[in-house]
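Numbering (this note's numbering), first residue to last: 1 to 270.
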Amino acid sequence: MNTNQNKFIYDNLNRINWIFVDLSHPGNLGACARALKVMGASNINLVNPKKKGLGSDDVAIRRAAGAKDVLHSSTVSTFEKASKNANCVIAFSSRKRSLQPPEIEFDSMINMVVKLLLSSKQHRASMVFGGERVGLHNEDLIKCTHVCKFNVNPIYSSLNLSHAVQLVSYALRIELIKQFLILTDSKSLIDRENKKNKFTSKNVCITQEKILSLKNSFLELTKDVGLIKSNNAGRIEQRISRILATSNLSENDFKLLQSFFALIKKKLKD
1 MNTNQNKFIY
11 DNLNRINWIF
21 VDLSHPGNLG
31 ACARALKVMG
41 ASNINLVNPK
51 KKGLGSDDVA
61 IRRAAGAKDV
71 LHSSTVSTFE
81 KASKNANCVI
91 AFSSRKRSLQ
101 PPEIEFDSMI
111 NMVVKLLLSS
121 KQHRASMVFG
131 GERVGLHNED
141 LIKCTHVCKF
151 NVNPIYSSLN
161 LSHAVQLVSY
171 ALRIELIKQF
181 LILTDSKSLI
191 DRENKKNKFT
201 SKNVCITQEK
211 ILSLKNSFLE
221 LTKDVGLIKS
231 NNAGRIEQRI
241 SRILATSNLS
251 ENDFKLLQSF
261 FALIKKKLKD
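Encoded structure:
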């Protein structure tokens, strides 16, 4: 057992939140907890669970087996709170929507998330899964930065939630192992310098908490100038959410937009 490697994997995987929206079956929660612990992950967030006390349900505990600690540490929160510290939020959905985040291939998503995590210990990611019956609703999907789907048999594409979670967490673990081996293989000074700079990220997307702040400022302004009316409020809010969530805004972008919105508000009051 490589203690350093396991710590490296654990530290990185535990900067990922696993968000389950509209979950209804306690057995699925228990199975997901087990799948995550096997890979060294945790941090389950339940958004709008369809049954109270899912984490303490006997069926969930039985399905979790030896992962009761991961199960019992699961929290119930809003989507915004669960994802607020994330720099990227990946939705898993097989349905094509008219309004959705940009699609990303599974392998590209895994590489992107691992690169994000390794570029700074402050960076976080969220993985978002919908309920058993209808999956993710549009209002949650458009809050994500990317949407990803599994390459499965098109004739029979039904994938159990815990199996989906297992696939994602396993792929992340394998990629982290690869990067650990690369980063710890110091054949030469040049190699070490290249590895040191490999994951430097100059334009990492701001957290979802800051995106929500921009969205609220944007919505206030649209109301002030009369863009939002009763018959189009929902649609405009969805479009604003999608634009901000998928624009890969940097910290400098955030400061610029924040100042811009504040200046417009001041001008409107004068």
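No residue lacks a Cβ here, since even glycine has one placed at the ideal position from N, Cα and C.
Who does residue i pair with in a DSSP beta bridge?
i	result
T279	For the chain, the structure presents residues 1 to 270; residue 279 sits outside this window and is missing.
E103	V147
N17	S126
Identify the continuous alpha helix (DSSP H) that holds residue i and give its terminal residues.
i	result
H163	L161 to T184
K9	The sequence given here places Ile at residue 9; Lys does not occur at that position. Taken as a continuous stretch (DSSP letters only), the alpha helix (DSSP H) holding I9 covers T3 to L13.
V59	D58 to A64
A67	From DSSP, A67 is part of no alpha helix (DSSP H); its letter is neither H nor E.
D253	E251 to K269
Helix, strand or coil for residue i, going by three-state DSSP, please let me know.
i	result
G135	strand
V38	helix
I206	coil
I90	strand
T246	coil
D224	helix
N85	coil
D22	coil
I142	coil
V113	helix
K52	coil
K229	coil
R95	coil
N216	helix
N28	helix
S108	helix
A119	Checking the sequence, you will find Ser at residue 119 rather than Ala. In the structure shown, S119 sits in a helix (DSSP, three-state: H, G or I).
I190	For I190, the predicted structure reports a pLDDT of 49, less than 50, and the residue's modelled location is therefore unreliable. The matter cannot be settled from this model.
I211	helix
S201	Bear in mind that the predicted position of S201 carries a pLDDT of just 49, short of 50, making it too unreliable to give a figure here.
S158	coil
Using the C-alpha atoms, what's the distance from residue j back to residue i?
i	j	result
N48	L244	24 Å
D253	L141	23 Å
P101	C148	9 Å
H72	S24	17 Å
S201	L116	With a pLDDT of 49 at S201, under the threshold of 50, the predicted position of this residue should be treated as unreliable, and no value is reported.
G40	F260	43 Å
S217	P154	43 Å
I19	D270	44 Å
K223	I240	13 Å
S108	L268	44 Å
Q258	K143	19 Å
S158	V168	16 Å
E103	L219	26 Å
K265	K210	18 Å
D22	K215	24 Å
K229	Q238	14 Å
L118	T246	21 Å
S83	K96	23 Å
R15	G53	25 Å
N151	G55	30 Å
R173	S120	18 Å
L13	Y170	10 Å
Can you tell me where the beta strand (DSSP E) holding residue i begins and where it ends?
i	result
A125	A125 to F129
Would you grab the beta carbon distance between residue i and residue j for me? Rounded to a whole angstrom, and I think it's under 8 Å.
i	j	result
R124	A65	That pair is no contact at about 28 Å.
A31	R63	5 Å
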